[in-house]
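A.B. asks: Protein chains in written order, with the working numbering: chain U, 3 to 142; chain R, 3 to 142; chain D, 3 to 142; chain X, 3 to 142; chain A, 3 to 142; chain B, 3 to 142.
Beta carbons are placed, not taken as given, at the ideal position from N, Cα and C, and that holds for glycine.
This one's a predicted model, so the numbers in the text were calculated from it and none came from an experiment.
Protein chains: 6
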Amino acid sequence: MSEGTDPVLSRLFTPKTVVHAHCDLPCGVYDPAQARIEAESIKMIIQKVGENSDADFRTRAIQIKEERSELVKHHLWVLWTDYFKPPHFAKYPQLHELFNEATKLAGAGGTKGSTDVATADKLLAKIDEISKIFWETKQG
Amino acid sequence: MSEGTDPVLSRLFTPKTVVHAHCDLPCGVYDPAQARIEAESIKMIIQKVGENSDADFRTRAIQIKEERSELVKHHLWVLWTDYFKPPHFAKYPQLHELFNEATKLAGAGGTKGSTDVATADKLLAKIDEISKIFWETKQG
Amino acid sequence: MSEGTDPVLSRLFTPKTVVHAHCDLPCGVYDPAQARIEAESIKMIIQKVGENSDADFRTRAIQIKEERSELVKHHLWVLWTDYFKPPHFAKYPQLHELFNEATKLAGAGGTKGSTDVATADKLLAKIDEISKIFWETKQG
Amino acid sequence: MSEGTDPVLSRLFTPKTVVHAHCDLPCGVYDPAQARIEAESIKMIIQKVGENSDADFRTRAIQIKEERSELVKHHLWVLWTDYFKPPHFAKYPQLHELFNEATKLAGAGGTKGSTDVATADKLLAKIDEISKIFWETKQG
Amino acid sequence: MSEGTDPVLSRLFTPKTVVHAHCDLPCGVYDPAQARIEAESIKMIIQKVGENSDADFRTRAIQIKEERSELVKHHLWVLWTDYFKPPHFAKYPQLHELFNEATKLAGAGGTKGSTDVATADKLLAKIDEISKIFWETKQG
Amino acid sequence: MSEGTDPVLSRLFTPKTVVHAHCDLPCGVYDPAQARIEAESIKMIIQKVGENSDADFRTRAIQIKEERSELVKHHLWVLWTDYFKPPHFAKYPQLHELFNEATKLAGAGGTKGSTDVATADKLLAKIDEISKIFWETKQG
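1) Could you spell out the range, first to last residue, of the alpha helix (DSSP H) harbouring Leu97 (chain R)?
2) Within 8 Å of any Cβ in chain X, is that where the Cβ of Leu78 (chain D) sits?
3) Return the chain-ordered list of same chain residues with a C-beta closer than 6 Å to the C-beta of Asp123 (chain A), the five sequence neighbours on each side being excluded.
4) Are the beta-carbon atoms belonging to Ser133 (chain D) and Arg38 (chain D) less than 8 Å from one another?
5) I'd like to know if the segment 54-69 of chain D and the segment 104-123 of chain B are in contact, where contact means that at least 3 CB-CB pairs between them fall below 8 Å.
6) If you reduce the DSSP assignment to three classes, tell me which class Thr117 (chain A) lands in.
7) Find the residues of chain A that neighbour Ala63 (chain B), judging by a C-beta separation of less than 8 Å, and give them in chain order.
8) Taking 7 Å as the limit between beta carbons, can you name the residues of its chain near Lys128 (chain B), skipping five residues before and five after?
9) Thinking C-alpha only, which one of U:Gln96, U:Phe91, U:Leu73 is nearest Gly109 (chain U)?
10) So which residues of chain A does Thr117 (chain X) contact, with C-beta pairs closer than 8 Å?
11) According to DSSP, simplified to helix, strand and coil, what is Ala37 (chain A)?
12) Assign Glu138 (chain D) to buried or exposed, taking buried as 16 or more other Cβ atoms, counted over all protein chains shown, within 10 Å of its Cβ.
13) Give me the Cα-Cα distance between Gly111 (chain R) and Asp58 (chain X), rounded to the nearest whole angstrom.
14) Applying the criterion that 16 or more other CB atoms from any shown protein chain within 10 Å of the CB defines a buried residue, is Pro95 (chain D) buried or exposed?
15) Counting C-beta neighbours from all protein chains within 10 Å, is the total for Pro28 (chain R) 16 or more, i.e. buried, or is it exposed?
16) Consider the Cβ of Ser55 (chain A): report whether some Cβ of chain B lies at a distance smaller than 8 Å.
17) Under a Cβ-count criterion, where at least 16 other Cβ atoms within 10 Å of its own Cβ denotes burial, should Glu68 (chain B) be classed as buried or exposed?
18) Nearest by alpha-carbon distance to Asp33 (chain U): which of U:Ile48, U:Arg70, U:Asp84 is it?
19) So, at 6 Å on beta carbons, what are the nonlocal neighbours of Leu126 (chain A) in its own chain, with the 5 sequence-adjacent residues on each side left out?
20) Less than 8 Å separating the beta-carbons of Leu78 (chain R) and Ile135 (chain R)?
21) Please compile the residues from chain A whose C-beta is within a distance smaller than 8 Å of the C-beta of Lys75 (chain U).
22) How would you write the range of the alpha helix (DSSP H) that Thr61 (chain R) sits in, first residue to last?
23) Should Ser55 (chain D) be labelled buried (16 or more other beta-carbon atoms within 10 Å of its own) or exposed?
24) Find out if the Cβ-Cβ distance for the pair Lys50 (chain R), Val119 (chain R) is shorter than 8 Å.
25) In chain order, what residues of the same chain lie with their CB nearer than 6 Å to the CB of Lys75 (chain U), ignoring the 5 residues before and after it?
26) Does the beta carbon of Ile47 (chain D) come closer than 8 Å to any beta carbon on chain X?
27) To the nearest angstrom, report how far apart Ile47 (chain R) and Ala35 (chain U) are at their CA atoms.
28) What does the Cβ neighbour count give for Lys140 (chain U), buried or exposed, with the cut at 16 atoms within 10 Å?
29) Give the interface partners of Glu72 (chain B) over in chain D, defined as CB-CB distance under 8 Å, in chain order.
30) If contact means a Cβ-Cβ distance below 7 Å, which residues of the segment 83-112 of chain D contact chain R?
31) So the candidates are B:Lys87, B:Ser43, B:Trp82; which of them puts its Cα closest to the Cα of Gly30 (chain A)?
32) What are the boundary residues of the alpha helix (DSSP H) that includes Ala110 (chain X)?
33) Taking the alpha carbon of Asp26 (chain A) as the reference point, which residue from A:Ser71, A:Leu81, A:Arg70, A:Gly52 has its own alpha carbon closest?
34) Along chain R, which residues have their Cβ under 7 Å away from the Cβ of Lys114 (chain D)?
35) Output the distance between the C-alpha atoms of Pro89 (chain X) and Glu131 (chain X), rounded to the nearest integer angstrom.
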């Protein structure tokens, strides 16, 4: 059975927060965790590919990584268009660029086209930056 | 801007845990939060439908609720088939029935066919039961 | 032109029964044949991969096998959640385990991760067990 | 529990033939039953809509009928393009028109735009004509 | 048979330019026309809904409009992330905001939630602004 | 940044015509350009594969080419079933065969199974033949 990658999780196994999703009714439920989930999956896939030399396994991994990267892009786009409003962009002028860079990092020049763990880490770092701002706006 | 439904979240806005997803490589990343997210979205949709008498809005809500319910079923099926193994089923003999009931609660006899908040609450309660067992197995 | 794999079919070419599908209205139309169809397709793909050393062909086959395996899982999950009811599970106590094993056989540890015809045959055998019970319940 | 619509099935519950699907590897497995399954589902949906005056139920039915009709079109298109070859079209000169009419009957001017059982019956009849030719070609 | 909405088209019926799409290999083929196509479809749907009082037709139109709006968002997001690069954003500082507004106009506060032709026209105007910049960058 | 493949486009960058899509409401908006777009993307993918010996890149290209080929088939099928009516088939008796050949050229025996630019060119030529007839019927 697989272990979580977060040491806090591994120790406690007691998730106390509830993550939030989105639909465009809108239901009003959003959370950057959806993008982060897929990005972590991508990192795990890249690590597994590095440890497994079977050609068919690699084919499957490349294809699944492609799908997961597309999901990262989609979840981030949804946040950028549907959750964030003009006052947010006024307060955080770097937000547009941040989203543009993050979604590029999940594309052909990022995790779609790479099997380097460092690329996945860069994507995760960008998502964390977005996440920090997201939670600040929820608090404000 | 919408608020989260969890009072802890509303107060602190400081998500400390990382949720986990799944792909069937397998990447080894799973989390019942994915099903819970969609179920919370369903509950919000049902609440919004109750407060809005516009016919087109209702049509959109019924259709989006259908999709979100299908996603709940899918995420739960993935956990049941891909994460849980024979030793888990031996230790938690109620697990099969729990998943069967939970997925039925997201179907035609559950949140797909109902606009009653109580139905969404029943689904959320079942997912919580599954989630509790899931995190116990991660600890074991 | 391809030949069917069933000798009765190959001889007679006269399908006399009507297979049944499902939607979650529910329309009330179900049939294990939908899962079996995809499993047979998987078996054929595996056989063709064994006879063709072209790398691109193999890439295509691995990917299509992945999709078909996901469809097997989906069709079986639908039967387990939407068709079978508590009285069925009471009468056939092995049913939960049977579905769990069958869907695992179409996953990473089964036909998704394997190019062995024997794996496809095991999956087909499980589907046949489910099918036998399904038709008994229709008769009862 | 729902009953099959075929009287032979209802009496015997003993499916003896195996239906056949398709993938574009190609795996070489085809069967008009896939289109027929969805068309029967459409007919059942239309019948259920006639017996249920609930507005949300109708919304769901209209939407599911739309999806099922699209699936009928897809399965028929696959047969027309991927299974049937020039010699078949030479032997059955009506085949092009038959497929064109059948797919139109599952579109906006057919089961997508209609809640009339007669429209579903016309679609089923066309699929039967195609099916008859299909099985003749398998025999030839 | 339906007529195009562009008077030039209606007169000449002689398309001289070739539109361009995208995949994230990347293939390097992009064109704002993909978003425009779906936006024009949305406008036509809204116009048809205004002329047809049948309830089932309206249900179908609301649902199809939802899908087409999602496609507009997707095609625009792809352009924003995959085609446009930092030098473009430096040269056209309004570009981020333009895409953010355009995608919002295809969401719940835009064509998804509205049956007003004016909303579709606003979306089309935004896409034209993007298109103008796109073709300037191709020329540069 | 990629350049368009059409010399006229490359020179002028001034698209004057509006392309047209389809939904099955029907919205009445159709255009063979949708199929052509995907076919051009396929040709570019094949060219890029010929210039890049990286195995993972090839895996991605084969998979994306598969998806794009499926889209070509879909867009052509939609035109054949939803746009063209009996009077068109009477006037252009070659139309059925043309569509059948074009969709076959995007299948396993065409661009799905081939990495030869000539196959993509044959597909593009067939789409042009269809396009020519399409625009004649719009004029008539």
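C.D. replies: From the atom records:
1) 97-107
2) no
3) Here Asp123 (chain A) has no same chain residue with a Cβ atom under 6 Å from its own Cβ, once five neighbours each way along the sequence are excluded.
4) yes
5) yes
6) coil
7) Leu27
8) Leu100, Glu103, Ala104, Leu107
9) U:Leu73
10) Asp58
11) helix
12) exposed
13) 14 Å
14) exposed
15) buried
16) No, because no Cβ of chain B sits closer than 8 Å to the Cβ of Ser55 (chain A).
17) buried
18) U:Asp84
19) Ala41
20) Their beta carbons are not under 8 Å apart, which means Leu78 (chain R) does not touch Ile135 (chain R) by this criterion.
21) Under the 8 Å cutoff, chain A gives Trp79, Thr83.
22) 57-80
23) Of the residues assessed, Ser55 (chain D) falls on the exposed side of the cut-off, its CB having fewer than 16 other CB atoms within 10 angstroms.
24) For Lys50 (chain R) and Val119 (chain R), no; Cβs fall outside 8 Å.
25) Thr105, Ala108
26) yes
27) 20 Å
28) The residue is buried, with at least 16 neighbouring Cβ atoms inside 10 Å.
29) Those do not exist, as Glu72 (chain B) stays about 11 Å from chain D at its closest Cβ, beyond 8 Å.
30) Thr83, Asp84, His98, Asn102, Thr105, Lys106, Gly109, Ala110
31) Of B:Lys87, B:Ser43, B:Trp82, the residue nearest in Cα terms is B:Ser43.
32) That residue, Ala110 (chain X), is in no alpha helix (DSSP H); it is neither H nor E in DSSP.
33) A:Leu81
34) Asp26
35) 18 Å
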